[in-house]
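Protein chains in written order, with our numbering: chain A, 83 to 207; chain B, -9 to 11.
What follows is the structure, given as structure tokens:
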């Protein structure tokens, strides 16, 4: 018996999910951040964020098709974290690192928070 | 992502969804 592992399968699946997002195929929720709107797949959001996992496993909230985030959330920070969820790449612009980290805290993305902490400490002169 | 300094993070990136609640 043999087993063939396609080592790039996970990244290929994620790329296709991101293609579906950009074509708005089977997206099932709109995330409202201040005045900006982001379409996404609930399952991807739940897989990446503790906050969305809690929201969409709540039987009263899982059928919602629009979620407004706290007004303190920075739309640019959220956009970068949503891109990370669908690409595994976290873009860290100097001017946005705190917004990204605070948004990751809000979204309960602890591993991203830890990584941002380490990045900030390592880049402190 | 050309021209951007890319740092490879080998650690866990996201939470793990429990097998059951």
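Cβ coordinates follow ideal geometry from the N, Cα and C atoms, glycine included.
Open item on the list: Check whether chain B comes within 8 Å of residue 159 of chain A, counting only Cβ atoms and requiring the distance to be less than that.
Closed with: no
- [ ] Check the Cβ of residue -7 of chain B against every Cβ in chain A and list those closer than 8 Å, keeping chain order.
- [x] None at all; the shortest Cβ gap to chain A is about 13 Å.
Open item on the list: Rounding to the nearest angstrom, what Cα-Cα distance links residue 4 of chain B and residue 194 of chain A in this structure?
Closed with: 7 Å
Open item on the list: Quick check on residue 95 of chain A: does DSSP put it in helix, strand or coil?
Closed with: helix
Task: beta strand (DSSP E) segments (min. 3 residues) lying fully within the region 127 to 176 of chain A - done: 148 to 150
- [ ] Using a threshold of 8 Å, state whether the C-beta atoms of residue 157 of chain A and residue 111 of chain A are closer than that.
- [x] no
TODO: Would you kindly check if the distance between the Cβ of residue 122 of chain A and the Cβ of residue 109 of chain A is under 8 Å?
DONE: yes
- [ ] Quick one: which residues of the region 113 to 144 of chain A get their C-beta closer than 7 Å to a C-beta of chain B? List them in chain order.
- [x] 129, 130, 132 and 135
Task: residue 185 of chain A versus residue 159 of chain A: straight-line alpha-carbon distance, rounded - done: 6 Å
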